[in-house]
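Chains as they are written, first to last, in our numbering: chain L, 1 to 589; chain P, 590 to 1178. Cβ coordinates follow ideal geometry from the N, Cα and C atoms, glycine included. These figures come from a predicted structure and were not determined experimentally.
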């Protein structure tokens, strides 16, 4: 049997050899009595020529083939004339003169053409995902995904980590996002939950003495979906014993350095920069700042605290703040109408307005100029390091609105004004996170990360008395403005874990009922431990230069958590429900 | 900061060095004013000595420590006297003289001692799984599991396979085992199912043009559990395009060769033997024969078809058969009572009796001897190649009972008579499987493997007319009497898939409703494809020389599918059920 050669690997070295090809007909053209096809397999494309002088039978069969037919071709590799060389094709200097062709399978006309760029609706592409996946950009994305996961594994294997599998059928815990539930047949009325992350299991693995664990772990969250969320997603899950947060961060960044090097050929400089959470908020209005460009927030509350401009003054009086962006040299390019659009944009983030000034020569001009004193204007101008032609955009509101709106506006302007070098990979650790967040509506504290995150040692005594100002021993890894994931040192002492649950409003009974096994485990020699979890899908998205998370998942779900290909979810039989001792609620009967 | 050294890696080369250790107190002994502890970490054990002459403070702290305390120790490595060398300990020629000790965490007295061998009940060990996992045999098993999966991945990566992830939230299909279901919140009354295997997705991956896929895939079956089953298990899932069954088998056995070599240091000879299904049944009474020993079935229906012994005669008249085992030289060792016990044993497999004869000199003696003619006895003796002292055990029944009971009896005797070399790894391919099985009760055919398995080409025309005699293009891999898994060439032609569904009793509508997406995909250029799936947990069990599948799974479930550690499954709140538009059946309200 002749050995099959992959289409995309045929070079001029093969000239005169008779080879076998197997693959798909990408395109067929008839020209002057000859038939040309581009044959595609997983490696790429090669042109095959059917010439009646060489093989009449092959030509006759080729006459029947259409796009996406699966064929086996035997033929001779020949060089092309200089005039017919195709510089756009990797195998463009040769072609294969077909001697025999066997149709392995036919194909109906596909609902869309298999080509690199497509404007077909995403729904149609998801329904025919197996056709969409034949497109080169997606083929490349999943090769990159493969390469990335292997690079991660190799790094961790080399560093003494064991890959371990934690359960998918596990226990529902109300803390965190909404669980997917699985009714138990054997235990009527009881349910498993799909894990939101292997958090508790990886801590138990540390208590089991394994010291270094990782898993490329599937996680599940039944949340309303946004463009960058999926009901099931994959996380690089890592946990270690006896390591400090510094050591974990260093280990993680060496891993990412290796990945970026192997997958993109780019050398990331280590150590990665670190930035405290509060600094990230103050400078970029975001806890996951895109540090590929400037346009940082400039705070002027101190300057305008007593300003004649009521909007500024009252924001500060109400505990809020005033900050601005200096859009360098863009004053002339932003009309009043343009600025109105920006005002509309920031209103989505709760900003009640967007004040502005333009520096003309040395004078700040604009509708609010008359409400500011000369001194205030000079101070603003100086703080902004403003020069002729700069546009200053102000938000005055409560702090969270100022951060969110200016942070978002910064990103929008950064993109629109081409301030971002898309080739850069700017990693950043964000550290010194608050341990707790207060939920005004529910009137209780929530863990900013999760209830097992350790406070930093120096804040331990404030846990009950000043919880809002306790910092977590936690760190997030940010790349180009996306949160790749994060981690923390965990609580390994039962007393501290009890205190934490108490601050979170758990009664002793509630804590026992939900997390009793973990609390028990803390009492039988739990080592100091901590780890990190990174979103693999998002890493792939950024490495592949894509903007849609669905492009990185082989069979993704839509925003309504449907699989358009298999049509999941779907109704099931009454017998199946009976066996599970559940009924549908009346409105579905 | 002093670098930590792993306890089990300390050799005499470290003598005189001051090192740091972190780990668990395995054991503490007080002797002559000194305290000795065995310190355990993931690498092994080392003895630490607390001597008041060296550090009084360390000794005082050491006096408070108990088993499973987590400690950090700084000390000097010293050689041991010849008289105190411990040859049972890998680090037994040295010890660490403690200078400082820090208690990192305390431990209550564990419910059982952390030691290699234990007779503690499995339920208790599962409840405290994190303690059980600290035991060396389990630590070793999970290191072996890690090593095995990496060897598999490396082999497949090197052979051009891409590792890909298929969905866990997928569509319920009634064919096969019982699905675990997941109610959808967004689509009330609809359900996802957890995959029993990624079968359809891996075929779709082939239709997506990837050609070589693998995944270490989690699979789920809601079945009543036996000792060697778990509700969730892991399978090495492989699919290829354009490969023949021979090529897939060769590729798979090279993979297993590499795994056994890397993990056990044993060289498996290739090609692996192959045996048709019918031969396996006839010779071993099993479709997964343990070929490490003989004691094969001997068929004598032709000899006794007209015997005066009614049990034999009527079994054959009713379409059954008569077969026997020759238990060489064991006649004297099996009393009538012993044989009664064997009779009881085979009755579990449906055998109504176990006839026997013993060869004394040249004469077959036993209760049934008088019902057989001299010629019949001579023929039996000759066929069995019986010699003085042999014990012949007969079952006469319908074929399935003869196979099952003698197959099981063969295994039982093989173990009891020590016929098995436990160090051997006997792999075997079982081939030429029947495509279909007839279910008498339901009065319809079922796919012996699954409905996507291709019949062999030469039997295609018999599919509708003589379905029972159609063979599948399928193969199972057997190791030491365990089925590791199997695979097949898949149907890639829509017409044939339609015919298959029809034979299985599906209406066109049912086939469309359940598998429409696959049938569609077959029409858009599906390549010839096939693959294999191997049970990873079972591979680990056999490589680790264990007999319980639960020992190979980090957090396993009991026979009632419970996790005794986290107490999953468990009741959930009414709000959770309301959100999912389901409620519990009355008896659980």
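Report all residues from its chain with a CB closer than 8 Å to the CB of residue 905/P; omit the five preceding and five following residues, and keep chain order. 890, 893, 894, 911 and 985
Output, in chain order, the set of chain P residues within a Cβ distance shorter than 7 Å of residue 528/L. 693
Going straight from the alpha carbon of residue 840/P to that of residue 743/P, what length do you get? 13 Å
Looking at the C-beta of residue 115/L, does it have a partner C-beta in chain P at a distance below 8 Å? no
Through-space distance from residue 198/L to residue 712/P, alpha-carbon basis: 23 Å
Take residue 318/L as the anchor and find which of 399/L, 263/L and 345/L has the nearest alpha-carbon. 399/L
Considering just the uninterrupted stretch of the beta strand (DSSP E) at residue 241/L, what are its terminal residues? 232 to 241
Taking buried to mean at least 16 other C-beta atoms within 10 Å of its own C-beta, is residue 591/P buried or exposed? exposed
Cβ closer than 9 Å: which chain L residues qualify as neighbours of residue 735/P? 157, 161, 162, 163 and 164
Helix, strand or coil for residue 348/L? Go by DSSP, reduced to three states. coil
Using CA atoms only, rank isn't needed, just tell me which of 928/P, 810/P and 853/P is closest to residue 944/P. 928/P
Residue interval of the beta strand (DSSP E) (run including residue 625/P): 623 to 630
Could you have a look at residue 662/P and say whether DSSP puts it in helix, strand or coil? strand
Other residues of its chain near residue 371/L: CB distance less than 6 Å, five sequence neighbours each side excluded: 308 and 309
Any C-beta of chain L under 8 Å from that of residue 1087/P: no
Which value, in whole angstroms, describes the spacing of the CA atoms of residue 253/L and residue 158/L? 15 Å
Quick one: grab the DSSP three-state call for residue 1171/P. strand
Write down every uninterrupted run of the beta strand (DSSP E) in the stretch 698 to 780 of chain P whose length is 3 residues or greater and which is fully enclosed by it, in chain order. 770 to 772
If you draw a straight line from the C-alpha of residue 473/L to the C-alpha of residue 1133/P, how long is it? 39 Å
Determine whether the beta carbon atoms of residue 852/P and residue 740/P lie at a separation below 8 Å. yes
Nearest-angstrom Cα distance between residue 86/L and residue 93/L? 6 Å
Presumed contact (8 Å Cβ cut-off) between residue 115/L and residue 129/L, rounded CB distance: In fact, because the Cβ distance is near 16 Å, the residues do not count as touching under 8 Å.
Reduced DSSP secondary structure (H/G/I, E/B, other) of residue 606/P: coil
Give the secondary structure of residue 1131/P by DSSP, where H, G and I count as helix, E and B as strand, and everything else as coil. helix
Between the C-alpha atoms of residue 1173/P and residue 563/L, what's the straight-line distance to the nearest angstrom? 27 Å
Over what stretch of residues does the alpha helix (DSSP H) that includes residue 403/L continue unbroken? 399 to 416
Within chain P, partners of residue 433/L - CB distance below 9 Å: What residue 433/L touches in chain P: nothing, since even the nearest Cβ is about 24 Å away.
For residue 678/P, go through chain L and note every residue whose CB falls closer than 9 Å to its CB, in chain order. Within 9 Å Cβ-Cβ: nothing; residue 678/P doesn't reach chain L, min ~18 Å.
How many angstroms separate the CA atom of residue 885/P from the CA atom of residue 1004/P? 14 Å
Using only the alpha-carbon positions, how far apart do residue 1164/P and residue 768/P sit? 25 Å
With H, G and I counted as helix, E and B as strand and the rest as coil, what does DSSP make of residue 1163/P? helix
Answer yes or no: does any C-beta atom of chain L fall closer than 8 Å to that of residue 635/P? no
If you compare alpha carbons, which of 379/L, 195/L, 72/L and 12/L is closest to residue 1155/P? 195/L
Which residues in chain A have a C-beta closer than 8 Å to the C-beta of residue 70/L? List them in chain order. Absent from the structure: chain A. Protein chains present are L and P.
Might you give, ordered along the chain, the residues of its own chain that have their beta carbon closer than 8 Å to the beta carbon of residue 230/L, omitting 5 neighbours on each side? 537, 549, 550, 553, 556 and 557
Might you give, ordered along the chain, the residues of its own chain that have their beta carbon closer than 6 Å to the beta carbon of residue 1020/P, omitting 5 neighbours on each side? 863, 865 and 1064
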